[in-house]
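Engineer:
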Amino acid sequence: MDPSNQRIVILGYEPESVNELVEASQTVFAIANPWWNSWCDYVGYYRDATGPCPGPISNESLFEGSSLKLSLSINDIMLISSASWNALKLWYQGGPEVELFIVDGQPDLTPIHILVWNSQDTKYAMITWKSLMVSSKITFKDLKDYLGKKFSIDPEVIELKLESSTSETRKLIGYDDCTLNDCMISDGTKIIVAKKDKKKVQLLDILEEEDDDLEKALKASLKEEEKVSYPKSGENFDIEMETIHIYSDPNNEADYRFRSSRSDGAAVAERIEKSMKEAKKPLAVHHLRRIQKNIMGIWEDYLAWQKQQ
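Start counting the sequence shown at 1; every next residue gets the next number (the UniProt record's numbering).
1) Would you kindly report the start and end of the unbroken beta strand (DSSP E) that includes Asn118?
2) Is it true that the CB of Gly148 sits closer than 8 angstroms to the CB of Ile158?
3) Under a three-way DSSP split, which group does Ile127 fall into?
4) Using three-state DSSP, classify Ala284 as helix, strand or coil.
5) If we ignore side chains and look at the alpha-carbon of each, how far apart do Thr243 and Thr139 end up?
6) Under 6 angstroms Cβ to Cβ from Ile8, same chain only, skipping five residues before and after it: list those, please.
7) Check Lys307 in the structure and name its three-state DSSP category.
8) Run through the DSSP bridge pairs and tell me what Phe29 is partnered with.
9) Measure the C-alpha to C-alpha separation of Gln308 and Asp177 and round it to an integer number of angstroms.
10) Which class does Pro54 belong to by DSSP, given the choice of helix, strand or coil?
11) Can you tell which of Ile192, Glu14, Thr27 has the C-alpha that lies nearest to the C-alpha of residue 314?
12) What residue from Leu88, Ser73, Asn19, Gly94 has the CA that sits closest to Ile10's CA?
13) Under a Cβ-count criterion, where at least 16 other Cβ atoms within 10 Å of its own Cβ denotes burial, should Gln6 be classed as buried or exposed?
14) Using only CA atoms, which one of Ser84, Asn37, Pro107 lies nearest to Asp48?
15) Alpha carbons only, please: which of Trp35, Gly44, Asn75 is nearest the one belonging to Pro56?
16) DSSP beta-bridge partners for Met184?
17) Is Gln106 helix, strand or coil by DSSP?
18) Under the assumption that Ile31 contacts Ile77 (Cβ atoms under 8 angstroms), give the Cβ distance between them as a whole number of angstroms.
19) Indicate whether the contact test is met: 3 or more Cβ pairs, each with one atom in the segment 9–25 and one in the segment 58–66, closer than 8 angstroms.
20) So, for Ser58: in the same chain, excluding its five sequence neighbours on each side, which residues have a beta-carbon less than 8 angstroms away from its beta-carbon?
21) Go through its chain and collect everything with a Cβ distance to Asp2's Cβ below 6 angstroms, but skip five positions before and after it.
22) Between Val116 and Val193, how many whole angstroms is the CB-CB distance? I'm expecting something under 8 angstroms.
23) Go ahead and label residue 334 buried or exposed: buried means 16 or more other beta carbons lie within 10 angstroms of its beta carbon, across all protein chains shown.
24) With a CB to CB cut of under 7 angstroms and the five nearest residues on each side skipped, what residues in its chain are close to Thr128?
25) Report all residues from its chain with a CB closer than 7 angstroms to the CB of Glu99; omit the five preceding and five following residues, and keep chain order.
Here is the structure:
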C-alpha cells in the first residue's frame with residue numbers, strides 16, 4: 001500500500017491520544033520506538049515523509065530471551081490498537097507480537113507466558129499449545145473474556161482447566177474473581193479452553209434465591225435443634241464447612257459434611273440437607289467462606305436472641 005494511504009489507515013484506527021486507547025482497551029500492542037519512528041518518517045505520520053521503507057517490524061530489542069526485558073520502560077515503546085497492529089503486520093510482517101494487558105490504567109510490562117490449548121479447535125488432529133503473554137494481575141474472568149475474543153467463543157460458556165506436569169486436569173470452578181497470581185499461575189502453566197456442557201453445568205455464582213433458601217434452611221434447623229440439645233450460651237460451636245459438592249445434575253443429592261466440636265453439628269447438617277432436598281433446588285456454590293460466614297452469622301444471631309428470652 002502507498003505510504004500516504006498507510007498513514008490515513010492508521011490515523012483512522014488510532015484515538016487522539018494514548019490515554020484514550022488505554023482507557024478503552026483490555027489490551028494494547030507495543031512496537032519498539034526505533035521501528036515506529038522509522039515508519040512514521042517513511043509515511044509522514046507526524047510531518048513530511050523523509051525516510052526510507054522501515055522493513056519488517058522489529059521488536060527484538062524489547063526482549064531478553066523469550067521474555068520482555070525487566071528494564072523495559074513505557075518510554076521504549078509505542079502503544080497502538082489491535083486494528084493498527086494487524087494492518088502493520090499485514091504490510092510489513094516481522095515481530096514478535098507484543099500484546100500487553102491494561103492493569104490499573106497502565107500496560108503491564110511484566111507479563112507471564114502461559115500455554116493455551118483451545119479444545120474446540122478441530123482443525124488440528126493433535127493438541128496444539130499456543131503460547132500467550134498475559135498479565136498475572138488479571139482475574140480469571142478477564143482471562144475468559146480475552147480468550148473468548150482470541151478464539152471467537154462466548155466467554156459465558158468458557159470453562160478453563162489446568163493441566164499438571166503429569167497431564168492430569170483440574171477444572172477452575174469458582175475462581176472468576178481471583179487473579180492469576182493469587183492462584184499461583186506462572187510461566188509455562190498449561191490451560192485448556194473448553195465449553196461448558198449446558199445440560200450439566202450450572203451457574204457458578206450463588207443465585208440470590210438459592211442463598212435465601214440456604215439461610216431459611218439454616219434458621220429452621222437451628223430452631224428445631226433447640227428442642228433437642230442446644231448449647232445454652234455462646235460456647236464454642238465451630239461449624240466448619242468441610243466439603244460442598246456443587247450440583248451438576250438436578251437429580252443428584254447434595255453432600256454437606258460438617259465438622260463440629262459438639263454432636264449438635266451433625267444434626268444441624270442433616271436438617272439442612274433435608275430442607276434443601278425438599279426444596280428440590282440445586283445449590284451452586286461460589287465461595288465456601290461466604291457460606292461458612294452465613295452459618296456462623298445465623299448461629300451468633302440465634303445465641304443473641306436466646307439470651308434475650
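We put the CB at the ideal spot given by N, CA and C, even for glycine.
Structural biologist: In brief:
1) Walking along the sequence shown from the start, residue 118 turns up at place 118. For Asn118, the enclosing beta strand (DSSP E) begins and ends at 112–118.
2) As a position in the sequence shown, residue 158 is number 158, starting the count at 1. As a position in the sequence shown, residue 148 is number 148, starting the count at 1. In this structure, Ile158 places its C-beta atom within 8 angstroms of the C-beta atom of Gly148.
3) Position 127 of the sequence shown, counting from 1, holds the residue named residue 127. If DSSP states are grouped into helix, strand and coil, Ile127 belongs with coil.
4) Working through the sequence shown from its first residue, we reach residue 284 at position 284. Residue placement at Ala284 cannot be trusted, given a pLDDT of 39 that sits under 50; the coordinates are not used to answer.
5) As a first step, residue 243 must be located in the sequence shown, where it is residue number 243. As a first step, residue 139 must be located in the sequence shown, where it is residue number 139. Residue placement at Thr243 cannot be trusted, given a pLDDT of 31 that sits under 50; what the coordinates show is reported in the next sentence. Straight-line Cα distance between these residues: approximately 24 angstroms.
6) Numbered from 1 along the sequence shown, position 8 holds the residue referred to as residue 8. Closer than 6 angstroms at Cβ, skipping near neighbours: no residue.
7) Counted from its first residue, the sequence shown places residue 307 at position 307. Correct three-state label for Lys307: helix.
8) The count along the sequence shown starts at 1 and reaches residue 29 at position 29. Partner(s): Ile80, Glu99.
9) As a working note, residue 308 is residue 308 in the sequence shown. As a working note, residue 177 is residue 177 in the sequence shown. Roughly 40 angstroms between the two C-alpha positions.
10) The residue labelled residue 54 in the question sits at position 54 within the sequence shown. Correct three-state label for Pro54: coil.
11) Coverage of the chain is limited to positions 1 through 309, which leaves residue 314 absent and any answer about it impossible.
12) In the sequence shown, residue 10 corresponds to position 10, counting from 1. Among Leu88, Ser73, Asn19, Gly94, the Cα nearest to that of Ile10 is on Leu88.
13) Taking the sequence shown and counting its residues from 1, the one referred to as residue 6 is at position 6. Gln6 comes out buried.
14) In the sequence shown, the residue the question calls residue 48 occupies position 48. Selected option, being the one with the closest Cα: Asn37.
15) To locate residue 56, count along the sequence shown from 1; it is residue 56. Closest by alpha carbon: Trp35.
16) As a position in the sequence shown, residue 184 is number 184, starting the count at 1. Note: Met184 sits in no beta bridge, so no partner.
17) Mapped onto the sequence shown, residue 106 falls at position 106. Strand, per DSSP.
18) As a position in the sequence shown, residue 31 is number 31, starting the count at 1. As a position in the sequence shown, residue 77 is number 77, starting the count at 1. Distance from Ile31 to Ile77 at the Cβ level is roughly 6 angstroms; contact confirmed, criterion being Cβ atoms closer than 8 angstroms.
19) Not touching, per the Cβ criterion.
20) The count along the sequence shown starts at 1 and reaches residue 58 at position 58. Closer than 8 angstroms at Cβ, skipping near neighbours: Ala32, Pro34, Trp35, Gly94.
21) Counted from its first residue, the sequence shown places residue 2 at position 2. Excluding residues within five positions, none has a Cβ falling inside 6 angstroms.
22) Here the question's residue 116 lines up with position 116 in the sequence shown. Here the question's residue 193 lines up with position 193 in the sequence shown. Val116 to Val193, Cβ: 6 angstroms. Contact.
23) Outside the modelled stretch of the chain, which goes from 1 to 309, sits residue 334, for which no answer is possible.
24) One-based indexing of the sequence shown puts residue 128 at position 128. The residues Trp117, in chain order, have a CB closer than 7 angstroms to that of Thr128 in the same chain once the five nearest residues on each side in sequence are set aside.
25) Counted from its first residue, the sequence shown places residue 99 at position 99. Within the same chain, Glu99 has close Cβ partners Thr27, Phe29, Met133.
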